[in-house]
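Let me begin by presenting the structure, written as C-alpha cells, before commenting on it.
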Amino acid sequence: MKKLLTILTTLIGTSGSISAVVSCKVPTFAEGILGQKVLVVTDGGNIRDKTFNESSWEGVIKYGSQIHSNFNITDELTARKFNYKSSIGGHTKWDENTHSFINEDYEYAKSNSNNYVETPDHTIDAFRTSYNTAIYKKADAFLLAGFGHLGAVDYAADRMQKAGNKTVVLLDAQYQKDNVISVLFNSELAGFNAGWDAILWANLPKMTSLNSGEFSKEAISASNSKTDMPLQGSTAGNKYISIGMFGGITDKNAVDNYMWGLLAAMHVYNNKFAGKEIELEDNKGQKVKYKLQPVYYANLGKKAGVEGLKDVSESSWFSKSFEVGGAKKSGIVDALVKNQADIIFPVAGPQINDVLEATGHKPFVIGVDTDQVTSVGSSKQGNEFRFLTSAKKNIVSASVYALNRAKSLQKTTLDGKEYKSKYEKEIKDGTTLVGEQPDWSISSSRKADTKWSIEKVNGSLTNAANLAIESVDYSKGKGDLIEEDLKKALNESGKTYKEYLTKTSLDKALELINKHVKNEEWEKLTLSSDGIAGIKDYWEMLIQSTKK
C-alpha cells in the first residue's frame, strides 16, 4: 500500500489529495490483452448504481465479449484468447453461425470484472485521482461515465496522451481534444418516445386491473352516461392526466433534452388528440365511447396548460443536484405531488427514489437513462406497479460503437503476432458522435408481443414489467420524419432552459411535424406502417399483449 501511495503521489503531484483514493485495497491491473484494456471511471459514486455508471460498465463488458470480431477472428479457441474472460464466462455461449458470444451473463461478468475505478465524489481532485488509478491499472482507453467528468476531462486527456496517446471516450458530454471521443445522445427522442408511450397508456379507459384489456364497470358506466371517462393513468383521482418532471442540474444535451422531448409529446397529443371522441372495444367485446382530455403541466400548477410555459423558474424544474434525497430536499417532488401529478419523470439518477417514496398519492414514474424498472422497480415491494417506461440512453450500444473506433484500441499483439482492427480506417478520436445509431435514444417500453408481467428472473424484474407498450419507431415512415423534426426544433431553440422550456419552442416542433403528418392522419396512425401509433392502434397493441 505504501508503494502504491508513493506511485499515486508522484502521478498526481499537486492535482489531488491521496485521501480521495476510494479504498486501501491495492488496485489490480485491468483485464485484457495488450492494447485492449478498457476501464470505466464512474461519474462519482458506486459502479453498481443501477443507472449510468453501471450501464457504462456493461458497455466495457460488452466490448470485452467482441474484441475478437474487431480483429476478424472466427474460431472459438482463438476468440477466447482475445476477449475478457469475465465477459464470456458464466452462461455466455459461443454461436458457431455468427462467430460471436451470445447470451452475455452480465452478473457473472460483474462478479469477476475489475475494469473500473470508482470516484467517491464529484470534486476535481477525486476525478484526477481516479484517472491516475486507471493509468496505474494499465488502461489502454478510458470510458468516462457521464458529464460530471467535464470539469476534469482535460486532465484525463493530457495524462492519457502522455501515457502513449491513448483514447478517452467521454459519454454524455462534449470536449474537444485530439485523443477524446465525445458521445452525445439525442435524448429529446427518448423523452418524446417514452412520453408518447406513457400518454397514450394513461389516457386509456380504466381497466378491471392493470393491463387486463377489459374495461372496468366505471368505464362502461361513464360511456353510457356520457360523463368524463375514468382513466387508467389517473393516480390523483381526477378524470384527466397531469404530468410533472424535473432534472438534477440543467444541461441541454444531457438532462434538459429529455424533459423537452416529453413536453413535445404532451404538446403534440393536446393538439392532435385532446377533444376528440373515440370508440374502443375491449377483449371481452365491450365498447366504450369517450372524449379525450388534454394532459396538463404539473410543474406549472394544478390543471395548468401550456400557456404558462414561459420564463420558467429553475426551482420548479430542477432539484439542483444528482444526490440521493436531493429532490425531496429541494421540495420539487412535494410540489409536483401537491399539484396532483399522475406521472412524474425524474431526470436525476437516484432521485427517482424520492418520487417513489413521497407521501400522498402514488404517481406513476418514467425512468431515465436505463430500463429502471429492472433495477429500481425490483428494489422495494410496490415499485413494480409504478413504472410506465423509461426514457433510455442505450449506453451499452454507444460505448461499444465508440470504443471500436478508438485509435488506441486498433492494434494488439497475441502469441507474438500483431493484429490490426477492421475499424482502423474509421477512427473517431477528436470527434463528437451524436446519435450514430437508431437505438441510441429510445424508450424501454415492452413490445406488443410481450405480456405485462412482474415475475422476477434471478431476483430482478424484466423489461416485461413496464406498463406501457412501445409506440414509436424512428427507423420507419413518419417516425423517421418526426425524429428529424424534434432534433431540428430543439437545436434551434436556444442554449438555456429559459429559451427551450417554452411554448414557443414546442410550437416550433409542432409546426415542423405538421408538415409531415396531416391532422386527419393522426387517428389512423399505426406503429407498423407509420413508425408512430395513434391511440386506437395503441389500444389494439395492448389488447394483443394480453393474449400472449
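Under mature numbering (1 follows the signal peptide of the UniProt record, and there is no 0), residues -20 to -1, 1 to 528 are what the sequence shown spells out, in order. Note that CB positions come from ideal geometry on N, CA and C, so glycine has one too.
Bounds of any alpha helix (DSSP H) do not take in Y220, whose DSSP letter is neither H nor E. Bounds of the alpha helix (DSSP H) holding V248 are 237 to 252. Closest by C-alpha distance to I493, out of G459, T482, T506, is G459.
Below 8 Å, too few C-beta pairs join the segment 177 to 188 and the segment 390 to 403 to call them touching: fewer than three. Comparing C-alpha distances from G511 to each of G25, G457, D487, E463 shows the shortest one belongs to G457. Remark: C-beta atoms of S388 and K146 approach each other more closely than 8 Å. Between the alpha carbons of Y111 and P100 lies a distance of about 12 Å. Between V97 and A378, the CB-CB gap reaches or exceeds 8 Å. Residue environment analysis places L507 among the buried positions, since at least 16 neighbouring C-beta atoms fall within 10 angstroms of its C-beta. Cβ contact annotation for K468 (same chain, cutoff 7 Å, sequence separation greater than five): L492, in chain order. Assignment of beta-bridge partners to I323 by DSSP yields I223, F344.
Along the segment 23 to 48, the alpha helix (DSSP H) occurs as fully enclosed runs of 4 or more residues at 32 to 44, listed in sequence order. By the criterion of a C-beta distance shorter than 7 Å, E34 is surrounded in its chain by I27, R28, once the five residues flanking it on both sides are discounted. In the DSSP assignment, W176 falls within the unbroken alpha helix (DSSP H) covering 167 to 182. A direct Cα-Cα distance of roughly 8 Å separates Y249 from P274.
If you draw a straight line from the Cα of K65 to the Cα of I13, it is about 10 Å long.
Boundaries of the alpha helix (DSSP H) harbouring D465: 457 to 471, taken from the DSSP string.
Taking A244 as reference, the option from I515, S525, L490, H496 with the minimal CA-CA separation is L490.
Pairing V313 with I229, the inter-Cα distance amounts to about 15 Å.
Residue pairing of W74 in beta bridges, as defined by DSSP: F81. With respect to the 8 Å criterion, Q16 and D120 are classified as neighbours on the basis of their beta carbons. The segment 354 to 405 is shown to contain whole beta strand (DSSP E) runs of 3 or more residues at 367 to 373, 391 to 394, 397 to 400, in chain order.
Look at V292 here: in three-state DSSP terms it is coil, with no helix or strand label. Contact between W297 and G241 is ruled out by a C-beta separation of about 14 Å, above the 8 Å threshold. C-alpha of K30 to C-alpha of N471: approximately 30 Å in a straight line. Within the same chain, and ignoring the five residues on either side of Q154 in sequence, the residues whose Cβ sits closer than 8 Å to its Cβ are S162, L164, N233, T412.
Per the coordinates, the alpha-carbon of K408 lies some 6 Å from the alpha-carbon of R385. Counting only residues of its own chain and dropping the five nearest sequence neighbours on each side, S196 has a CB closer than 8 Å to the CB of P185, K186, M187, T188, P210. Distance between L190 and D453, taken at the CA atoms: about 24 Å.
Judged by beta-carbon spacing, Q331 lies beyond the 8 Å limit of A315, meaning their Cβ atoms are not closer than that value. DSSP places I449 in no beta strand (DSSP E); its state is neither H nor E.
Excluding its 5 nearest sequence neighbours in each direction, Y477 has C-beta neighbours in its own chain below 6 Å: T230, D236, listed in chain order. A distance of 8 Å or more separates the beta carbons of F344 and A328. When the beta-carbon positions are compared, H71 and T54 stay at least 8 Å from each other.
If you compare the alpha carbons of L368, D334, K360, Q361 with that of I346, the shortest gap goes to L368. Sequence-distant partners of W519 (beyond 5 residues in either direction) whose C-beta falls short of 7 Å from its own C-beta, in its chain, are L184, L260.
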